[in-house]
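Structure, as structure tokens:
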Amino acid sequence: MKDPTFQGVYPALTTPFRGDLSLDVEGCRRLVDAVIGDGVHGIVVNGCTGESWALSADERATVFRTSVEAARGRVRVVAGCSAQTAAETLAKIGQAADAGCAIAMVSPPWYVMPGPDEILEHYRRILASTPLPVLLYNIPRRTGVGFTVEMVDRLADHPKVVGIKESSKDWGLLSSVIRRTRDRISVLAGYA
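Per numbering that gives the first Met the number 0, the very first residue in the sequence shown carries number 0; after that it's consecutive.
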């Protein structure tokens, strides 16, 4: 369901690491503080830019928790929670919810190259159990699969879907999604 306050600039943050490849928790705090100081409306953590695929479950939970603590309620924290299965996605969403994140960002599963029906079923399973609102994430350059306008239109009717981060670089698709869903969900443009 559309949230009129879910708009503006939501940068996808990198995940800071030390030279020994351990998580730089203080660096994470400083980064969150810096971008909030620059006037953003929210932040996205543990997404593609944050190299979520390379994080352990403990590291992911630490990034969620540290980001929420550093934000101190000044902006929303959107949590990257994409995974291969609905169960794994829901486990990540559970971590994000426990940390106090506001929204879960979820891309279609990658590698297995699901078709439209399988992608919709993946989201149906997630939406049936998620404790957080969901931001759909269309990034076919990374997943190998993408949303059609019709798929977004169908998912936009679910009350737990608050928006889509459209990162396909397909300006026709972006325009069509906006026209078709703008009264129901927020549309954020990645790679704009």
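Just so it is clear, CB atoms sit at the ideal spot from N, CA and C, and this is done for glycine as well.
Per DSSP, residue 117 lies in no beta strand (DSSP E) segment; the continuous alpha helix (DSSP H) that holds it begins and ends at 115-128. As the crow flies, the alpha-carbon of residue 113 is around 37 Å from that of residue 69.
Take residue 175, set aside five residues on each side of it, and the residues of its chain with a beta-carbon closer than 8 Å to its own are 148, in chain order.
Looking from the CA of residue 62, the closest CA among 117, 83, 95 belongs to 95. Inclusion of residue 163 and residue 131 in the CB contact set at 8 Å is not warranted, their separation being larger than that value. Shown here for residue 107: same chain residues with a beta carbon closer than 7 Å to its own, the five before and five after excluded, namely 113, 118, 121, 142, 144 in chain order. Rounded to whole angstroms, the gap between the alpha carbons of residue 67 and residue 6 is 19 Å. The beta-carbon separation of residue 103 and residue 86, rounded to 14 Å, does not stay under the 8 Å limit for a contact. By the neighbour-count criterion, in which a residue is buried when 16 or more other Cβ atoms sit within 10 angstroms of its Cβ, residue 136 is buried. When secondary structure is reduced to three states using DSSP, residue 148 falls in the helix class. Taken atom to atom, the span from the alpha-carbon of residue 110 to that of residue 138 is near 13 Å.
Separation of residue 99 and residue 170 (C-alpha to C-alpha, rounded to the nearest whole angstrom) is 33 Å. For residue 16, the CB contacts under 7 Å within the same chain, skipping 5 residues up- and downstream, are 22, 23 in chain order. For residue 75, the enclosing beta strand (DSSP E) has its first and last residue at 75-79. In the DSSP secondary-structure assignment, residue 16 is bridged to 22. Secondary-structure assignment with DSSP links residue 66 through no beta bridge to anything. In this chain, the alpha helix (DSSP H) harbouring residue 87 covers 85-98. Close CB contacts of residue 8 within its chain, under the 6 Å cut and outside five residues either way in sequence, are with 39, 40 (chain order).
Residue 46 and residue 182 have their C-alpha atoms roughly 26 Å apart. The beta carbon of residue 28 sits closer than 7 Å to those of 65, 69, all from its chain and outside the five residues before and after it, given in chain order.
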